[in-house]
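Enquirer: Residue numbers (this note's numbering), protein chains in the order written: chain A, 260 to 834; chain B, 260 to 834.
Number of protein chains: 2
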Amino acid sequence: MKLRNLVSKRYKETPADCVIASQALMMRGGYIKPVGNGIYTLFPITKRITAKIEKIIREEMNRIDGQELLFPVAMPASIWRESGRYDSIGSELLRFTDRSGADMVLGMTHEEASVHFVRDVADSYTQYPFMIYQIQTKFRDEPRCRGGLIRVREFTMKDAYSFHTSQEDLERYYKICYDAYNRIFFRAGVGDVVAVASDSGMMGGKVSHEYMLLTPVGEDTIVLCHDCDYRANMEAAPCIVHGEPGEMADLQKVETPNIKTIDDLCAFLKIKPEQTCKAVVYQENLTDKYVVAFLRGDLDINETKLRNYLKAEIHPAEITLESGLTPGFIGPKGLPEGVRVVYDASLKGINAVATGANETDMHYTGFNIPREMGEVEYVDVAKAYDGGICPVCGKKSIYTSRGIEVGNIFQLGTKYTESMGLTYVDQDGSLKHPIMGCYGIGVGRLAASVCEAHRDDYGPVWPISITPWHVHLCSLRADNEEVAAVSQRIYDELTARGVEVIWDDRSVSAGVMFSDADLFGVPVRVVVSPKGLKNGTIEISARDKSMQEKKPVAEAVDFVYDYVVSELAKLECRL
Amino acid sequence: MKLRNLVSKRYKETPADCVIASQALMMRGGYIKPVGNGIYTLFPITKRITAKIEKIIREEMNRIDGQELLFPVAMPASIWRESGRYDSIGSELLRFTDRSGADMVLGMTHEEASVHFVRDVADSYTQYPFMIYQIQTKFRDEPRCRGGLIRVREFTMKDAYSFHTSQEDLERYYKICYDAYNRIFFRAGVGDVVAVASDSGMMGGKVSHEYMLLTPVGEDTIVLCHDCDYRANMEAAPCIVHGEPGEMADLQKVETPNIKTIDDLCAFLKIKPEQTCKAVVYQENLTDKYVVAFLRGDLDINETKLRNYLKAEIHPAEITLESGLTPGFIGPKGLPEGVRVVYDASLKGINAVATGANETDMHYTGFNIPREMGEVEYVDVAKAYDGGICPVCGKKSIYTSRGIEVGNIFQLGTKYTESMGLTYVDQDGSLKHPIMGCYGIGVGRLAASVCEAHRDDYGPVWPISITPWHVHLCSLRADNEEVAAVSQRIYDELTARGVEVIWDDRSVSAGVMFSDADLFGVPVRVVVSPKGLKNGTIEISARDKSMQEKKPVAEAVDFVYDYVVSELAKLECRL
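1. Short check: CB of Gly666 of chain B to CB of Gly699 of chain B, under 9 Å?
2. Give a yes or no on whether 9 Å exceeds the smallest Cβ distance from Ser359 of chain A to chain B.
3. Considering only C-alpha positions, which residue in the set A:Pro331, A:Ile315, A:Thr300 is nearest to Met334 of chain B?
4. Consult DSSP for Arg784 of chain A and reduce its assignment to one of helix, strand or coil.
5. Quick one: any contact between the segment 672-692 of chain B and the segment 630-644 of chain B, if contact means 3 or more CB pairs under 8 Å?
6. Ends of the beta strand (DSSP E) at Pro595 of chain B?
7. Go through the segment 424-510 of chain B residue by residue and report every complete run of the beta strand (DSSP E) that reaches 3 residues or more, in order.
8. State whether the segment 468-475 of chain A contacts the segment 401-418 of chain A, with contact taken as three or more CB pairs (one from each stretch) at a distance under 8 Å.
9. With a threshold of 16 other CB atoms inside 10 Å of the CB of Pro511 of chain B, please say whether the residue is buried or exposed.
10. What would DSSP say about Val601 of chain B, mapped onto helix, strand or coil?
11. Is it buried or exposed, Met507 of chain A, if we count other Cβ atoms within 10 angstroms and call 16 or more buried?
12. Below 8 Å CB to CB, which residues in the same chain sit around Leu265 of chain A once its five sequence neighbours on both sides are set aside?
13. Would you list the residues sitting across from Asp801 of chain B in a DSSP beta bridge?
14. Can you tell me which residues form a DSSP beta bridge with Phe422 of chain B?
15. Got a sec? Which residues, its chain only, sit under 8 Å from Ile518 of chain B by beta carbon, not counting five neighbours each side?
16. Taking all protein chains shown into account, decide if Ala769 of chain B is buried (16 or more other Cβ within 10 angstroms of its Cβ) or exposed.
17. So with Cβ pairs under 9 Å, would you call Ile298 of chain B a contact of chain A?
18. For Leu753 of chain B, which of helix, strand or coil comes out of DSSP?
19. Anyone know if the C-beta pair for Glu351 of chain B and Ile443 of chain B falls short of 9 Å?
20. Quick one: Cα of Lys810 of chain A to Cα of Gly701 of chain B, how far?
21. Could you give the residue range of the alpha helix (DSSP H) that holds Cys710 of chain A?
22. Would you kindly check if the distance between the Cβ of Glu572 of chain A and the Cβ of Asn617 of chain A is under 9 Å?
23. With DSSP as the reference, please indicate the residues paired to Ile298 of chain A in a beta bridge.
24. How long is the line joining the alpha carbons of Val380 of chain A and Gly672 of chain A, rounded to whole angstroms?
25. What does Met334 of chain B reach in chain A if we use C-beta pairs closer than 8 Å?
26. Compute the beta-carbon to beta-carbon distance between Ile694 of chain A and Cys436 of chain A, rounded to the nearest angstrom, for a pair I have assumed lies under 8 Å.
27. Report all residues from its chain with a CB closer than 6 Å to the CB of Pro727 of chain A; omit the five preceding and five following residues, and keep chain order.
28. With a Cβ-Cβ cutoff of 9 Å, do Val812 of chain B and Val745 of chain B count as a contact?
29. Taking all protein chains shown into account, decide if Arg555 of chain B is buried (16 or more other Cβ within 10 angstroms of its Cβ) or exposed.
30. CB Phe330 of chain B to CB Val332 of chain A, shorter than 9 Å?
31. Can you give me the Cβ contacts of Ser765 of chain B inside the same chain, cut-off strictly under 6 Å, excluding the 5 residues immediately before and after it?
32. Is the distance from the Cβ of Val730 of chain A to the Cβ of Val787 of chain A below 9 Å?
33. Look at Gly477 of chain A and Gly662 of chain A and say whether their C-beta atoms are less than 9 Å apart.
34. Since Thr396 of chain A meets chain B, which of its residues come closer than 7 Å, beta carbon to beta carbon?
35. Just checking, does the segment 628-639 of chain A make contact with the segment 418-433 of chain A on the three C-beta pairs under 8 Å criterion?
36. Using CA atoms only, rank isn't needed, just tell me which of B:Val785, B:Arg736, B:Ile723 is closest to Pro829 of chain B.
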């Protein structure tokens with residue numbers, strides 16, 4: 260189509276609230292328009308991109324025997340009550356009442372809907388396994404929207420649910436889905452997306468992976484190993500420490516006036532942070548009960564692992580006078596009654612640490628946990644750290660990186676089928692609960708992530724598989740008869756052969772035309788100009804600068820067509 | 260795919276609450292599963308149908324230069340306040356608050372979103388005209404859901420919005436869209452859908468059409484003419500009466516003990532209903548003020564026309580003692596003060612009518628409205644009736660029919676662009692409001708309507724353009740080696756040529772297989788059986804019984820392929 264007819268707009272200035280580069284480019288290029296907090300209208304140019312992403316996803320889901328269906332966005336609260344999530348999920352689950360006063364929710368995910376659907380439909384073992392999926396609008400009432408389409412409240416998601424009669428079969432299919440996801444990201448042009456082991460969070464289940472686009476602007480921290488393939492989300496990564504047990508020493512209570520931080524304590528006592536035991540204090544959400552986690556002074560707490568261990572939601576503590584806690588001087592010995600204590604595994608085997616004495620301006624030195632406290636349980640609740648030990652290969656090769664989560668897969672088990680009473684009759688006549696997996700990809704977030712991964716200072720560089728058009732045809736001086744005629748022919752011939760062309764024949768300067776083309780990010784640019792035609796040539800170049808050619812007019816269409824087809828083939832896509 | 264692997268279920272019994280045949284078949288065939296009141300999950304078989312409907316709609320919208328985009332489902336109330344509809348629409352607009360307490364709505368239509376989007380994007384006359392559309396989930400909190408997907412609360416809708424710089428241009432494009440809609444319905448297999456003039460209702464604007472599938476189970480009443488092309492929704496149809504002026508007579512007050520209905524009055528006075536003036540009483544919603552509409556005794560009130568004339572929402576009156584009204588005996592003369600009176604055009608020119616005297620058990624005869632009441636305004640607020648006068652050809656040829664509305668188109672004018680402050684700079688430098696049109700089609704309702712129009716007692720008869728599969732392959736006795744081998748070859752060859760095949764190779768009786776196939780409604784059935792193979796033939800038949808052939812095994816694939824292609828071509832569709 261002609262660019263002049265496209266409903267579009269480009270802006271010179273970056274809106275002030277843009278925090279990442281892809282967001283800035285997608286705002287400047289007229290890809291997205293905010294309607295409310297974390298709610299966007301997608302321009303036609305963006306819908307062309309997301310439609311191609313959805314097509315790739317559909318092809319790969321169908322290839323692994325997925326069956327597309329459609330669940331509702333608005334659901335009665337009753338099915339969310341059955342699973343227990345109506346009460347267990349916080350205010351990111353949007354609840355409302357309809358005109359009759361009935362409680363409803365907006366779907367942020369569809370485990371409940373899928374189990375509701377399968378109930379009464381697949382009641383014999385002969386009907387298993389199967390996978391159903393949808394591509395549908397979701398709403399998640401995020402407190403912190405961010406980065407354009409990266410973190411929004413309303414989004415389009417592909418969510419898939421598989422049902423199995425054995426854990427082995429789930430694992431077999433999980434692996435198939437794992438590979439399908441790799442194919443999807445490869446075909447969408449971000450083959451460098453990596454799968455990392457993840458925490459299952461509110462979804463339940465045990466084994467799960469997130470697909471991460473590694474980028475400094477990502478919201479997640481990924482733990483990786485230099486020496487092997489180990490990769491995990493920080494939330495789920497074990498922390499394996501290496502350290503010295505140190506010498507045994509006598510317990511001494513020392514005055515430490517106004518020494519409240521590990522750094523101050525180390526300077527004061529002339530010791531290393533590894534020789535201290537620090538305290539981090541939380542409160543359980545429901546009871547306000549205090550939880551004190553102790554860990555080696557050089558490490559940080561991993562709240563997700565702590566939460567999973569406690570099996571309770573927690574928040575950083577507000578320490579009152581009545582609590583009996585002495586901030587800055589908290590240690591294992593002499594804590595008030597009723598405080599729940601957790602010892603991190605990093606403290607195990609250390610012979611002597613410095614730690615708080617639960618009195619103002621007082622610390623212990625020579626503190627030996629088993630000697631002073633008796634045998635205690637050590638739990639892994641610390642964050643993995645650069646230079647830490649890899650849980651797979653055992654080398655001190657851990658490093659961290661940032662990533663955007665573009666997809667996830669979960670082995671859910673029977674959490675939903677049990678709570679919602681979904682059963683089938685097994686071969687031996689007994690009633691059983693199917694075992695579930697679930698598999699999500701956010702379409703808009705993937706588009707934004709691709710933009711984040713493929714861009715330069717002037718605009719996105721769309722992979723040819725998801726580009727809004729294949730070819731950006733620029734007619735410099737379209738008022739020139741020959742330019743107009745040649746451009747029209749190129750446009751007609753490419754279009755007839757299935758190549759998607761956006762044609763700019765506006766009477767604007769070459770500068771405006773090219774900077775607009777940069778913001779469109781179309782992979783192939785074809786420039787027809789009076790100067791080129793004088794030499795009988797057309798300029799053809801790649802948006803990513805990997806190709807630049809001057810071709811005789813008669814050869815241009817064939818060249819462009821072949822180039823587009825072969826570039827598409829590299830990403831296993833076709834015209 | 261194999262039917263045994265399809266997530267599906269069929270039922271022998273029709274659920275008790277099914278009110279129309281297509282709903283019963285779609286429930287029995289496992290097309291839809293209710294999740295809540297007016298909220299459904301669509302089975303994979305249905306998603307295949309709606310995806311094809313959406314593809315046809317996209318092709319036709321793109322053909323008339325529509326540009327697909329995506330608006331949000333959940334929107335801030337602010338843009339609905341700008342248009343005034345946040346307050347003017349009743350509880351079918353679902354309102355809720357988000358976690359921050361902000362007022363939000365679920366989109367039941369997207370005029371506000373489209374104007375919000377175009378604002379700042381199309382600010383010069385050079386960018387007009389254009390049409391944008393989306394295919395997206397809508398929510399309308401219907402008080403009365405009905406008929407499966409016919410009337411639901413959540414549904415997928417194609418909604419399009421066009422923007423123009425002149426009324427002439429809107430009218431030009433409106434005609435183009437009118438034709439595109441006819442093509443869509445034709446290609447979806449319901450070419451007998453008719454466009455009727457409609458009331459614009461809450462959408463605003465003046466000219467509008469509804470596309471109606473004429474069927475006795477429809478919720479709308481359509482007014483048509485036997486002698487010309489005139490068609491209108493009852494809500495919008497003018498009522499042109501023909502009647503006798505009758506003789507002048509003296510006004511007399513007569514005792515009519517307990518005579519409260521027109522029928523009783525006619526019997527008592529030995530006159531015809533055309534010689535009476537009846538009263539219908541409403542109250543305005545906001546003020547509870549009484550409205551009395553008078554019309555000729557043989558006619559019925561058209562509440563939509565009355566509402567439009569009053570420019571107020573009304574409800575049937577609750578007549579209290581304090582009102583001063585005398586139910587059964589209400590007439591124009593002697594009404595309490597403060598009552599708003601409307602005279603229907605049917606009363607104009609009648610010399611004498613019988614009507615209430617506003618006293619218990621008393622009527623007037625010989626009542627001449629201008630003589631007793633002075634000159635009054637007559638307004639058309641009566642329902643058109645069988646045998647009435649056609650407003651186009653003038654003949655007494657009006658008749659009525661029932662219909663399901665499957666689409667609508669509106670000339671909106673500047674209602675939204677003015678209220679929401681959308682302007683563009685015109686050629687002369689002045690600021691102007693674009694003129695809008697809007698165009699909707701409910702995807703699920705269209706699927707259900709096609710089912711209602713094309714079915715027999717045993718199941719739907721899907722048009723080949725939107726059928727879930729083209730061919731239903733039945734292998735009778737798939738345990739027979741030759742049956743299995745021939746079936747596999749037919750399946751493979753058809754699939755390789757792009758024909759969609761659902762293959763039933765279950766070990767069930769022919770009866771079960773065929774009754775399931777009837778519920779699937781796939782247009783072409785291919786039966787491979789030991790008996791047929793003994794004679795070297797395959798049975799091929801059409802679901803609608805228009806074709807039944809026995810073909811030699813070697814010719815079967817070609818025959819089926821050619822048949823499918825030619826049937827698709829009739830509906831302007833391709834493999």
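Glycine included, each C-beta is placed from N, C-alpha and C at the ideal position.
Expert: So, to answer that:
1. Contact check for Gly666 of chain B against Gly699 of chain B passes: the beta carbons are separated by less than 9 Å.
2. Chain B contact via Cβ: present.
3. When only C-alpha atoms are compared, the closest one is A:Thr300.
4. Arg784 of chain A carries a strand assignment under DSSP once its states are collapsed to helix, strand and coil.
5. Contact fails: fewer than three Cβ-Cβ distances are below 8 Å.
6. Where Pro595 of chain B is concerned, there is no enclosing beta strand (DSSP E), given that its DSSP letter is neither H nor E.
7. Runs of the beta strand (DSSP E) lying entirely within the segment 424-510 of chain B, each at least 3 residues long, are 453-456, 467-473, 479-484, 490-492 in chain order.
8. In this structure the segment 468-475 of chain A does not touch the segment 401-418 of chain A; the number of beta carbon pairs closer than 8 Å is below three.
9. Correcting the residue type first, residue 511 of chain B is Gln in the shown sequence and not Pro. With fewer than 16 Cβ atoms within 10 Å of its Cβ, Gln511 of chain B is classed as exposed.
10. If DSSP states are grouped into helix, strand and coil, Val601 of chain B belongs with the strands.
11. Counting C-beta atoms within 10 angstroms of its own C-beta, Met507 of chain A has fewer than 16 neighbours from the protein chains shown and is therefore classed as exposed.
12. Taking Leu265 of chain A as the centre and dropping the five residues before and after it, the same chain places the C-beta of Pro303, Ile304, Ile761 closer than 8 Å to its C-beta, in chain order.
13. Here the sequence assigns Ala to residue 801 of chain B, which means Asp is not the residue at that position. DSSP, once it has assigned bridges, lists B:Val783 as partnering Ala801 of chain B.
14. Checking the DSSP bridge columns, you'll see Phe422 of chain B partnered with B:Phe389, B:Met695.
15. Within the same chain, Ile518 of chain B has close Cβ partners Leu524, Phe527, Gly587, Asp620, His622.
16. With fewer than 16 Cβ atoms within 10 Å of its Cβ, Ala769 of chain B is classed as exposed.
17. Yes, contact with chain A.
18. Leu753 of chain B falls in the helix class under three-state DSSP.
19. With respect to the 9 Å criterion, Glu351 of chain B and Ile443 of chain B are not classified as neighbours on the basis of their beta carbons.
20. Between Lys810 of chain A and Gly701 of chain B, the C-alpha separation is close to 49 Å.
21. Here the alpha helix (DSSP H) through Cys710 of chain A covers 702-712.
22. Asn617 of chain A places its beta carbon 9 Å or farther from that of Glu572 of chain A.
23. Note: Ile298 of chain A sits in a beta bridge opposite A:Gly295.
24. A straight-line Cα-Cα distance of about 19 Å links Val380 of chain A and Gly672 of chain A.
25. What Met334 of chain B touches in chain A: Val294, Gly295, Ile298.
26. Contact between Ile694 of chain A and Cys436 of chain A is absent: CB atoms are separated by about 14 Å, not below the 8 Å threshold.
27. Result list for Pro727 of chain A: Ile304, Arg307, Ile308, in chain order.
28. Taking 9 Å as the Cβ cut-off, Val812 of chain B and Val745 of chain B qualify as a contacting pair.
29. Arg555 of chain B comes out buried.
30. For Phe330 of chain B and Val332 of chain A, no; Cβs fall outside 9 Å.
31. Reading off the sequence, residue 765 of chain B comes out as Arg, not Ser. Within its own chain, the residues whose Cβ lies closer than 6 Å to the Cβ of Arg765 of chain B, once the five positions on either side in sequence are excluded, are Arg263, listed in chain order.
32. When the beta-carbon positions are compared, Val730 of chain A and Val787 of chain A stay at least 9 Å from each other.
33. Result yes, Cβ atoms of Gly477 of chain A and Gly662 of chain A sit closer than 9 Å.
34. Neighbours of Thr396 of chain A on chain B, chain order: Val332, Thr396.
35. Counting C-beta pairs closer than 8 Å gives fewer than three between the segment 628-639 of chain A and the segment 418-433 of chain A, which falls short of the contact rule.
36. Note that residue 829 of chain B is Lys in the sequence shown, not Pro. Cα-wise, what sits closest to Lys829 of chain B is B:Ile723.
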